[in-house]
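Protein chains: 2
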Amino acid sequence: MIRGVNLAPRVKMADVAREAGVSVATVSKVVNGRYGVAQETLDRVQGVIERLGYEASLGAQSLRSRRTHVLGILVAEFEPFSTELLKGASEAIAGTGYELLAYSGGSRGADVGWERRHLSRLSGTLIDGAVLVTPTVVDTNHGVPVVAVDPHTGPSGLPTIDSDNYAGAVAATRYLLDLGHSRIGFLAGRGGLESARLREAGFRQAMADAGREVDPSLVRVGSYVPSAATGPARDLLSRPDRPTAIFASNDLSALATIDVAHELGLRVPEDVSIIGFDNVPESALSTPPLTTISQPLHRMGAEALRLLVDVIDGVERDVHVRLPTELVERASCRRIGAPVA
Amino acid sequence: MIRGVNLAPRVKMADVAREAGVSVATVSKVVNGRYGVAQETLDRVQGVIERLGYEASLGAQSLRSRRTHVLGILVAEFEPFSTELLKGASEAIAGTGYELLAYSGGSRGADVGWERRHLSRLSGTLIDGAVLVTPTVVDTNHGVPVVAVDPHTGPSGLPTIDSDNYAGAVAATRYLLDLGHSRIGFLAGRGGLESARLREAGFRQAMADAGREVDPSLVRVGSYVPSAATGPARDLLSRPDRPTAIFASNDLSALATIDVAHELGLRVPEDVSIIGFDNVPESALSTPPLTTISQPLHRMGAEALRLLVDVIDGVERDVHVRLPTELVERASCRRIGAPVA
DNA sequence: TTGAAAGCGCTAACAC
DNA sequence: GTGTTAGCGCTTTCAA
Numbered sequence: 001m002i003r004g005v006n007l008a009p010r011v012k013m014a015d016v017a018r019e020a021g022v023s024v025a026t027v028s029k030v031v032n033g034r035y036g037v038a039q040e041t042l043d044r045v046q047g048v049i050e051r052l053g054y055e056a057s058l059g060a061q062s063l064r065s066r067r068t069h070v071l072g073i074l075v076a077e078f079e080p081f082s083t084e085l086l087k088g089a090s091e092a093i094a095g096t097g098y099e100l101l102a103y104s105g106g107s108r109g110a111d112v113g114w115e116r117r118h119l120s121r122l123s124g125t126l127i128d129g130a131v132l133v134t135p136t137v138v139d140t141n142h143g144v145p146v147v148a149v150d151p152h153t154g155p156s157g158l159p160t161i162d163s164d165n166y167a168g169a170v171a172a173t174r175y176l177l178d179l180g181h182s183r184i185g186f187l188a189g190r191g192g193l194e195s196a197r198l199r200e201a202g203f204r205q206a207m208a209d210a211g212r213e214v215d216p217s218l219v220r221v222g223s224y225v226p227s228a229a230t231g232p233a234r235d236l237l238s239r240p241d242r243p244t245a246i247f248a249s250n251d252l253s254a255l256a257t258i259d260v261a262h263e264l265g266l267r268v269p270e271d272v273s274i275i276g277f278d279n280v281p282e283s284a285l286s287t288p289p290l291t292t293i294s295q296p297l298h299r300m301g302a303e304a305l306r307l308l309v310d311v312i313d314g315v316e317r318d319v320h321v322r323l324p325t326e327l328v329e330r331a332s333c334r335r336i337g338a339p340v341a
Numbered sequence: 001m002i003r004g005v006n007l008a009p010r011v012k013m014a015d016v017a018r019e020a021g022v023s024v025a026t027v028s029k030v031v032n033g034r035y036g037v038a039q040e041t042l043d044r045v046q047g048v049i050e051r052l053g054y055e056a057s058l059g060a061q062s063l064r065s066r067r068t069h070v071l072g073i074l075v076a077e078f079e080p081f082s083t084e085l086l087k088g089a090s091e092a093i094a095g096t097g098y099e100l101l102a103y104s105g106g107s108r109g110a111d112v113g114w115e116r117r118h119l120s121r122l123s124g125t126l127i128d129g130a131v132l133v134t135p136t137v138v139d140t141n142h143g144v145p146v147v148a149v150d151p152h153t154g155p156s157g158l159p160t161i162d163s164d165n166y167a168g169a170v171a172a173t174r175y176l177l178d179l180g181h182s183r184i185g186f187l188a189g190r191g192g193l194e195s196a197r198l199r200e201a202g203f204r205q206a207m208a209d210a211g212r213e214v215d216p217s218l219v220r221v222g223s224y225v226p227s228a229a230t231g232p233a234r235d236l237l238s239r240p241d242r243p244t245a246i247f248a249s250n251d252l253s254a255l256a257t258i259d260v261a262h263e264l265g266l267r268v269p270e271d272v273s274i275i276g277f278d279n280v281p282e283s284a285l286s287t288p289p290l291t292t293i294s295q296p297l298h299r300m301g302a303e304a305l306r307l308l309v310d311v312i313d314g315v316e317r318d319v320h321v322r323l324p325t326e327l328v329e330r331a332s333c334r335r336i337g338a339p340v341a
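If you want it as structure tokens, here you go:
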């Protein structure tokens with residue numbers, strides 16, 4: 001039974017004021033380092049603050065003043081992709097004078113429009129700016145400066161960070177082709193995301209360049225989400241004429257595809273080769289470890305944060321940052337014939 | 001140049017009220033689903049809300065009402081350990097009716113007392129409760145219900161989630177012993193944390209049980225932080241009588257130790273075996289992949305969140321949850337002689 | 001140098 | 001059913 005523990009109300013500015021025998025206005029000045037406070041008063045108030053452990057309420061503080069020195073990272077869910085970005089952002093925030101607030105809804109993805117909702121709830125009050133992770137709604141009109149990582153398709157004025165999805169997809173497809181695969185299944189990403197469009201385009205281009213037809217029935221949608229990928233993966237792998245390789249648009253789908261393969265009694269890579277995209281840490285943990293296209297996720301998070309700070313400060317700079325991708329060869333693909341010419 | 005973009009002020013309740021021709025009080029009732037609003041008014045207001053894309057400001061809302069339906073996870077920094085917990089918490093939050101807000105300071109760890117400061121800033125206003133990740137200050141007196149993951153040493157009334165650090169450390173040490181190592185270096189964790197104490201205790205106990213002396217000069221402090229671990233690791237590995245194996249108290253330190261070894265021209269595990277603790281995803285990515293003691297990090301995050309919700313709801317239950325640890329054998333340790341009896 | 005007072009966007013009595 | 005009013009904890013003129 002622990003009811004009743006932890007209920008001391010937080011100490012507020014009025015408490016400090018009373019204790020120090022001054023008004024809240026004076027305490028506020030001390031807290032915010034404003035001029036016009038006698039040294040003696042300042043010391044006394046500071047002492048009381050220390051002793052009482054006073055800390056301004058973010059909610060109240062930000063309601064009144066425009067700057068909070070808190071930056072938001074808004075995500076649909078804390079999964080491997082967004083948390084990698086978070087690590088990068090966390091690395092980059094040191095020395096900027098900002099604190100980091102990551103916000104996620106409670107609805108496990110199935111929640112369109114979260115970016116607008118979260119932004120509305122936090123902007124104008126709690127945060128001075130926000131990084132939106134894979135937003136589908138790209139309103140350029142929010143209360144605060146915003147930077148998007150891997151956003152929705154279509155031109156938008158939004159400052160953006162992404163990686164070279166197209167080149168990465170071409171590389172992945174060529175890799176499979178070079179291993180002798182030509183019957184390649186494709187698990188597309190989340191509809192609407194620019195990255196999903198580019199990865200599919202890269203796949204098709206590489207196939208075309210190699211003179212290979214894309215069997216339309218081998219192209220399915222996985223939406224970047226494991227639960228959405230298993231069905232299509234199962235369909236693909238259950239066919240009598242199943243593909244010899246599957247290119248999943250992101251690692252989470254690829255990992256889910258490996259699970260499905262195992263479930264179906266198929267060995268990876270002996271019976272089917274699988275390649276992913278992202279290189280989240282989890283991709284190295286699967287059996288077999290996943291061959292994938294690496295995005296510099298930490299760096300993307302860090303760049304997003306730096307870009308946001310620059311936008312807030314009104315620095316003139318390039319507001320579209322594209323980072324390179326790279327093939328990471330692990331053990332989920334195997335050669336099945338002679339490489340293509 | 002992007003100055004001037006994104007500056008439309010957010011739409012507030014007064015805007016909705018004006019547009020709908022009602023008072024803000026009525027809008028508030030609609031937003032919060034209170035009784036006493038005519039169906040016709042309700043529809044009209046709802047329509048305006050929809051059209052204008054109104055969303056209540058978290059800051060203002062929480063200033064006034066006690067419940068915000070937001071739970072906080074307070075961390076010193078977003079690194080592999082805390083983000084794994086975050087993933088687990090994110091999984092567990094679905095269906096609880098809460099949203100998740102993760103907060104981290106901007107000061108990269110070197111910031112004692114962050115837990116109290118963050119809590120003060122957020123409690124009483126923004127969040128209904130908080131999960132504290134490895135807090136060193138264990139005041140049981142905050143404005144809101146609090147749950148700690150892997151907290152500071154010493155008994156405290158705080159509801160707590162941890163894993164069996166002692167057994168894990170014993171298992172790691174025995175494993176090394178069984179591989180024939182007896183000159184084992186130990187990189188201790190962050191001073192004050194219960195987990196650090198227990199891991200060292202487990203190490204010493206296992207050594208004693210095997211009848212091995214612990215060379216005091218082989219026990220150093222790594223503080224769970226890579227930058228703090230490299231120095232001690234270098235000292236240990238530079239000695240002419242260097243240990244044949246190192247047990248690092250957490251994966252981040254173990255990974256840093258591998259780097260140091262490589263820097264020194266030592267091969268892992270040929271020249272020195274290294275074992276870690278935590279099993280963060282990154283531990284599988286090193287060269288060689290790290291053998292380590294696994295904590296069920298996702299589950300710990302999920303359990304912490306569930307415990308917090310129960311505490312808030314006043315559910316009577318066990319408020320100390322301890323989860324099992326497990327040895328994960330990868331490739332950073334090798335046998336160097338006959339196993340101990 | 002200090003404090004009184006207004007108000008940030010919202011909720012909750014209470015009056016109409 | 002609906003609006004008026006009084007704050008929540010803080011910052012910021014502005015007067016004293």
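Sequences listed follow chains A and B, in order.
Taking full-length UniProt numbering, I'd label the letters of the first sequence as residues 1 to 341.
Taking full-length UniProt numbering, I'd label the letters of the second sequence as residues 1 to 341.
Glycine is no exception: its CB is placed at the ideal position from the N, C-alpha and C atoms.
If you're wondering where the values come from, they're calculated on a predicted model, not measured in any experiment.
For residue j and residue i, the rounded distance between their alpha carbons
i: ARG299 (chain B); j: GLY88 (chain B); result: 6 Å
i: SER273 (chain A); j: SER217 (chain A); result: 18 Å
i: LEU252 (chain A); j: TYR98 (chain B); result: 25 Å
i: LYS12 (chain B); j: GLY36 (chain B); result: 22 Å
i: THR325 (chain B); j: LEU285 (chain B); result: 20 Å
i: LEU236 (chain B); j: GLU194 (chain B); result: 24 Å
i: ARG317 (chain B); j: ARG67 (chain B); result: 23 Å
i: VAL268 (chain A); j: ARG330 (chain B); result: 20 Å
i: GLY124 (chain B); j: ARG10 (chain A); result: 7 Å
i: VAL214 (chain A); j: THR173 (chain A); result: 12 Å
i: ARG51 (chain A); j: GLY185 (chain B); result: 42 Å
i: SER238 (chain B); j: ASP271 (chain B); result: 12 Å
i: GLU200 (chain B); j: SER332 (chain B); result: 20 Å
C-beta contact flag for residue i and residue j at 8 Å
i: PRO281 (chain B); j: PRO80 (chain B); result: yes
i: residue 344 (chain A); j: LEU122 (chain A); result: Not covered by the structure: residue 344 (chain A). The range shown for chain A is 1 to 341.
i: LEU187 (chain B); j: ARG212 (chain B); result: no
i: PRO243 (chain A); j: ARG183 (chain A); result: yes
i: VAL328 (chain B); j: THR287 (chain B); result: no
i: GLY202 (chain B); j: ALA229 (chain B); result: no
i: ALA20 (chain A); j: ALA302 (chain A); result: no
i: SER104 (chain B); j: SER90 (chain A); result: yes
i: LEU132 (chain B); j: GLU115 (chain B); result: yes
i: THR153 (chain A); j: ARG197 (chain A); result: yes
i: VAL170 (chain B); j: ALA304 (chain B); result: no
i: ALA17 (chain A); j: VAL27 (chain A); result: yes
Chain A contact for residue i (CB, 8 Å cutoff)
i: PHE78 (chain B); result: yes
i: SER332 (chain B); result: no
i: GLU99 (chain B); result: yes
i: GLY47 (chain B); result: no
i: ILE336 (chain B); result: no
i: LEU285 (chain B); result: yes
i: residue 355 (chain B); result: Nothing can be reported for residue 355 (chain B), as the shown portion of chain B is limited to 1 through 341.
i: LYS29 (chain B); result: no
i: ARG121 (chain B); result: yes
i: ALA94 (chain B); result: yes
Interface flag, residue i vs chain B, CB-CB below 8 Å
i: SER294 (chain A); result: no
i: GLU282 (chain A); result: yes
i: PRO9 (chain A); result: yes
i: GLU326 (chain A); result: no
i: TYR103 (chain A); result: yes
Identity of the residues DSSP links to residue i by a beta bridge
i: PHE277 (chain A); result: A:ILE293
i: GLY231 (chain A); result: Its beta-bridge partners do not exist; DSSP assigns none.
Proximal residues to residue i (C-beta, below 6 Å), its chain only, five neighbours per side dropped
i: GLY129 (chain B); result: LEU71, VAL144, PRO145, LEU308 and ILE312
i: PRO296 (chain B); result: LEU323
i: PHE78 (chain B); result: SER104
i: ILE246 (chain B); result: GLY185, THR257 and ILE274
Cut-off 8 Å between Cβ atoms - residues of its own chain near residue i, not counting five sequence neighbours on either side
i: LEU58 (chain A); result: THR68, VAL70 and LEU126
Residues of its chain near residue i, where Cβ-Cβ distance is below 7 Å and the 5 sequence neighbours each way are ignored
i: VAL31 (chain A); result: ALA56
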